[in-house]
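So that you can map any letter, position 11 of the sequence shown is 10 in numbering that gives the first Met the number 0, and since no number is skipped, the others follow by simple counting.
We put the beta carbon where it would ideally sit given N, CA and C, even for glycine.
This one's a predicted model, so the numbers in the text were calculated from it and none came from an experiment.
The structure appears right after this line, and notes come after that.
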Amino acid sequence: MSKSDIYAHFLPDEKSFVDRAWEWVERAAEQHELRRTDFLDPRQAHILYALANRHPDAAIRLEGGYEGAERVRALIAPDYRPLEDEDAGIAVLEIASDDRRQAELDHGDYLGALLGLGIKREKIGDIHVREDGCHVLIATEIGDFLRSHLKQVHRLETSTSVLPLDRLLAVPVKLEESAISVASMRLDGIASDVLRVSRAKIMDPIRAGRCRVNFKTVEDPSAQLREGDIVSFKGFGRFRVLEAEGISKSGRIRLRIGKYV
Numbered sequence: 000m001s002k003s004d005i006y007a008h009f010l011p012d013e014k015s016f017v018d019r020a021w022e023w024v025e026r027a028a029e030q031h032e033l034r035r036t037d038f039l040d041p042r043q044a045h046i047l048y049a050l051a052n053r054h055p056d057a058a059i060r061l062e063g064g065y066e067g068a069e070r071v072r073a074l075i076a077p078d079y080r081p082l083e084d085e086d087a088g089i090a091v092l093e094i095a096s097d098d099r100r101q102a103e104l105d106h107g108d109y110l111g112a113l114l115g116l117g118i119k120r121e122k123i124g125d126i127h128v129r130e131d132g133c134h135v136l137i138a139t140e141i142g143d144f145l146r147s148h149l150k151q152v153h154r155l156e157t158s159t160s161v162l163p164l165d166r167l168l169a170v171p172v173k174l175e176e177s178a179i180s181v182a183s184m185r186l187d188g189i190a191s192d193v194l195r196v197s198r199a200k201i202m203d204p205i206r207a208g209r210c211r212v213n214f215k216t217v218e219d220p221s222a223q224l225r226e227g228d229i230v231s232f233k234g235f236g237r238f239r240v241l242e243a244e245g246i247s248k249s250g251r252i253r254l255r256i257g258k259y260v
């Protein structure tokens, strides 16, 4: 398959990842290698899965540690090699504290503490925050380091331990649904309505690179959204475009939105 045929199915700014992913697939299929990737976001996982399925001699398995995981590791191998029993290299990092203020910590606090230790985001999977603690899916290879070095989160003293996957306490994703009516599917217009921020004010974070659509940075306020798109704004939160429910008599588009809470 030519590179031009491959690129035609993806966005231009995804070329770099497409090249890396296709190399992983080719090495697995043609050099009989087993490759285990770092954690991928949903868009990266989609690209890699699509490429692996385009190669007749490659097999792939995606694993995030539990059913419905957002971030996953991929196992890629020649198609004759069973992947069901291969270790995906995922463990649970439990972060606990005797300080009752831990109930006030959020996803960003825990992620910031991990990244502050020099850990790459690609080594961290989904983060499950509870009032009495937090479980983080991590690559097993960083478990000992985190157990030794993660001592506080947002100025709160913490203790950490590494647990097997069957000890994971997953927190279901909660979406607060609402209905809005917009003139078009432009990013700035929809985000303004959902986040209850003026359209002029929403322009700045978009142009500053603080907006991501399906985990890719988008700096064009006029970018068109579609059903299923996940939009996140640093400092504002994130939402999903659940469904376009039709056109009103006045010509506006009725959308059902799910805001992550």
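Residues of its chain near residue i, where Cβ-Cβ distance is below 8 Å and the 5 sequence neighbours each way are ignored
{"i": "D78", "result": "A28, P55, D56, A57, A58"}
{"i": "G88", "result": "R35, R72, A138, T139, E140"}
{"i": "R198", "result": "D187, G188, S191"}
{"i": "G142", "result": "A90, L92, V161"}
{"i": "V217", "result": "L186, I205, C210, R211"}
Secondary structure of residue i, DSSP reduced to three states
{"i": "V172", "result": "coil"}
{"i": "F38", "result": "coil"}
{"i": "L104", "result": "coil"}
{"i": "R99", "result": "helix"}
{"i": "K200", "result": "helix"}
{"i": "S231", "result": "strand"}
{"i": "G250", "result": "coil"}
{"i": "L167", "result": "coil"}
{"i": "G117", "result": "coil"}
{"i": "G88", "result": "coil"}
{"i": "A112", "result": "helix"}
{"i": "R225", "result": "coil"}
Of the listed residues the options, nearest to residue i (C-alpha basis)
{"i": "L47", "options": "H31, A68, E13", "result": "E13"}
{"i": "D98", "options": "D18, R251, M202, S158", "result": "S158"}
{"i": "A112", "options": "A102, H127, R129, R154", "result": "R154"}
{"i": "E226", "options": "A169, V193, G88, R239", "result": "R239"}
{"i": "G64", "options": "S15, H31, G124", "result": "G124"}
{"i": "S247", "options": "R211, L168, F9, A182", "result": "A182"}
{"i": "G208", "options": "V196, K233, E175", "result": "K233"}
{"i": "V152", "options": "S96, D84, R120, D131", "result": "S96"}
{"i": "D228", "options": "R255, P204, D203, E130", "result": "R255"}
{"i": "R166", "options": "L136, V230, A68, V193", "result": "L136"}
{"i": "P81", "options": "G245, F16, S15, H31", "result": "H31"}
Limits of the unbroken alpha helix (DSSP H) element including residue i
{"i": "D192", "result": "186–194"}
{"i": "R19", "result": "14–29"}
For residue i, the first and last residue of its enclosing beta strand (DSSP E)
{"i": "L241", "result": "236–246"}
{"i": "V212", "result": "210–212"}
Closer than 7 Å to chain D by CB, residue i
{"i": "F16", "result": "Structure shown: chain D not included; a single protein chain is present."}
Residues of its chain near residue i, where Cβ-Cβ distance is below 6 Å and the 5 sequence neighbours each way are ignored
{"i": "Y259", "result": "R237"}
{"i": "L33", "result": "A76"}
{"i": "L168", "result": "H134"}
Neighbourhood of residue i by C-beta, 7 Å cutoff - its chain only, sequence neighbours within 5 removed
{"i": "R70", "result": "F38, L39, D40, G63, G124, D125"}
Runs of beta strand (DSSP E) lying entirely within the stretch 41–80, each at least 3 residues, in chain order: 57–62, 72–77
Start-end ranges of the beta strand (DSSP E) lying completely within the stretch 123–164, minimum 3 residues: 123–129, 132–138, 158–162
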